[in-house]
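Visitor:
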Amino acid sequence: MTSSLLPDWASQCLCSPIVTPYRTANPEKPMKLGVLASGSGSNFEAIAQAIAQQHLEAQVAVLVYNNPQAKAAVRSQQHNIPAQLLNHRDYASREALDQAIVDVLRQYDVELVVMAGWMRVVTPVLLEAFPRRVLNIHPSLLPSFKGIRAVEQAIAAQVKITGCTAHWVVPEVDSGEILVQAAVPVLPEDTTETLHARIQVQEHRVIVAAINRAIAQIRGSL
Ligand code: GRF
Numbered sequence: 001m002t003s004s005l006l007p008d009w010a011s012q013c014l015c016s017p018i019v020t021p022y023r024t025a026n027p028e029k030p031m032k033l034g035v036l037a038s039g040s041g042s043n044f045e046a047i048a049q050a051i052a053q054q055h056l057e058a059q060v061a062v063l064v065y066n067n068p069q070a071k072a073a074v075r076s077q078q079h080n081i082p083a084q085l086l087n088h089r090d091y092a093s094r095e096a097l098d099q100a101i102v103d104v105l106r107q108y109d110v111e112l113v114v115m116a117g118w119m120r121v122v123t124p125v126l127l128e129a130f131p132r133r134v135l136n137i138h139p140s141l142l143p144s145f146k147g148i149r150a151v152e153q154a155i156a157a158q159v160k161i162t163g164c165t166a167h168w169v170v171p172e173v174d175s176g177e178i179l180v181q182a183a184v185p186v187l188p189e190d191t192t193e194t195l196h197a198r199i200q201v202q203e204h205r206v207i208v209a210a211i212n213r214a215i216a217q218i219r220g221s222l
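Laid out in structure tokens, this is it:
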């Protein structure tokens with residue numbers, strides 16, 4: 001059941017449409033992305049589709065995933081994108097995992113790293129290898145509800161609006177400079193699942209807009 005108080009569009013999102021506002025005009029060559037994903041990979045899919053539809057002047061050079069069951073890996077096969085499993089359980093420390101990630105990203109000449117549902121805290125080993133070149137998508141309007149279970153946190157706090165944020169990654173979790181956000185109303189009947197599903201619809205737009213903005217920043221045009 002949807003809320004009778006809100007029209008359909010408003011129950012989806014309270015932001016204006018994001019129409020790839022930061023798309024670069026005349027790129028010399030597509031920027032090489034390294035995508036890190038742990039789960040279903042719907043954000044990875046959104047990136048791959050945006051590239052296929054020429055909404056992003058980029059290419060996914062490699063997908064790195066840490067969970068052998070990650071559906072993101074299946075999606076990468078469908079898009080003919082190389083994928084590399086780096087299971088965190090095989091590494092003695094976060095730093096050791098991050099060094100392995102850096103090695104793979106370097107192997108594929110990655111220029112911009114996108115944490116698209118990467119459920120691991122990253123360390124300076126990754127961030128110093130790619131300074132101001134790592135972005136993340138988080139399911140809340142930061143700086144509210146940092147860390148894990150952000151959607152549950154929003155429901156527990158009884159906020160009426162939450163959303164999602166794409167931001168540059170810094171060592172402190174979910175604290176880097178914000179690139180793009182979208183707001184999503186919390187409906188009276190929402191469960192964690194229904195709210196997260198609506199947030200994810202917006203994440204798929206926000207992550208593409210954020211990559212475009214990041215590319216523009218890196219190329220010095222913004
Ligand atoms: C997203 O909600 C993202 O914000 C969070 O993890 C989820 C990943 O979803 N960090 P998916 O794997 O991209 O579908």
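Take the sequence shown: its position 205, counting from 1, is numbered 205 in my numbering, and each next residue is one higher. Even glycine gets a Cβ: it sits at the ideal position worked out from N, Cα and C.
Measure from the C-beta of GLN54 to each C-beta in chain C and report whether the shortest distance is under 8 Å.
Guide: Although the question refers to chain C, the structure presented lacks it and comprises just one protein chain.
Visitor: Counting only runs of 4+ residues fully inside the segment 147–211, write out the alpha helix (DSSP H) ranges in chain order.
Guide: Entirely contained in the segment 147–211, the alpha helix (DSSP H) runs reaching 4 residues are, in chain order, 150–157.
Visitor: May I ask whether a heavy atom of ligand 1 can be found less than 7 Å away from the beta carbon of SER42?
Guide: Yes, the Cβ of SER42 comes within 7 Å of a heavy atom of ligand 1.
Visitor: If we count the other Cβ atoms within 10 Å of its Cβ and call it buried at 16 or more, is THR162 buried or exposed?
Guide: Per the 10 Å Cβ criterion, buried.
Visitor: Given 7 Å as the limit, tell me if ALA116 has its C-beta closer than that to any heavy atom belonging to ligand 1.
Guide: Within the cutoff, so yes.
Visitor: Report yes or no: do three or more beta-carbon pairs, one from the segment 188–201 and one from the segment 122–138, lie closer than 8 Å?
Guide: No, they do not touch.
Visitor: Just list the beta strand (DSSP E) runs in the segment 50–130, keeping only unbroken ones of 3 residues or longer that don't cross its boundaries, in chain order.
Guide: Complete beta strand (DSSP E) runs here, min 3: 58–65, 83–85 and 112–115.
Visitor: Within 7 Å: the Cβ of GLN54 and any heavy atom of ligand 1?
Guide: No - ligand 1 has no heavy atom lying nearer than 7 Å to the Cβ of GLN54.
Visitor: Check whether the Cβ of HIS88 lies closer than 7 Å to any heavy atom of ligand 1, and answer yes or no.
Guide: No - ligand 1 has no heavy atom lying nearer than 7 Å to the Cβ of HIS88.
Visitor: Measure from the alpha carbon of ALA83 to the alpha carbon of each residue in VAL64, HIS55 and LEU33, then state which is nearest.
Guide: Checking every option, the nearest Cα to that of ALA83 belongs to VAL64.
Visitor: Could you pull out every residue in the same chain whose Cβ sits closer than 7 Å to the Cβ of ILE178, ignoring the five residues on either side in sequence?
Guide: LEU142, THR165 and HIS167, listed in sequence order.
Visitor: Quick check on this structure: which residue in ASN87, GLN69 and ALA52 has the alpha carbon closest to the alpha carbon of GLY39?
Guide: Nearest C-alpha to GLY39: GLN69.
Visitor: Quick one: Cα of LEU195 to Cα of SER144, how far?
Guide: Each residue's alpha carbon lies about 16 Å from the other.
Visitor: Secondary structure at PRO7, three-state DSSP: helix, strand or coil?
Guide: The pLDDT assigned to PRO7 is 49, lower than 50, so where the model puts this residue is not dependable, and the model offers no usable value.
Visitor: In terms of DSSP beta bridges, what is LYS32 paired with?
Guide: The partner list for LYS32 (beta bridge, DSSP) reads GLN59.
Visitor: Consider the C-beta atom of ALA214 and the heavy atoms of ligand 1; say whether any pair is separated by less than 7 Å.
Guide: Because no heavy atom of ligand 1 lies under 7 Å away, the Cβ of ALA214 does not count as near it: no.
Visitor: What's the call for LEU85, buried or exposed, on a 16-neighbour Cβ count within 10 Å?
Guide: Exposed is the call here.
Visitor: For a test of your reading of the model: does the CB of GLY39 fall under 7 Å from any non-hydrogen atom of ligand 1? Yes or no.
Guide: Flag set: Cβ of GLY39 near ligand 1.
Visitor: At a cut-off of 7 Å, would you count GLN200 as near ligand 1, judging by its Cβ distance to the nearest heavy atom?
Guide: Within the cutoff, so yes.
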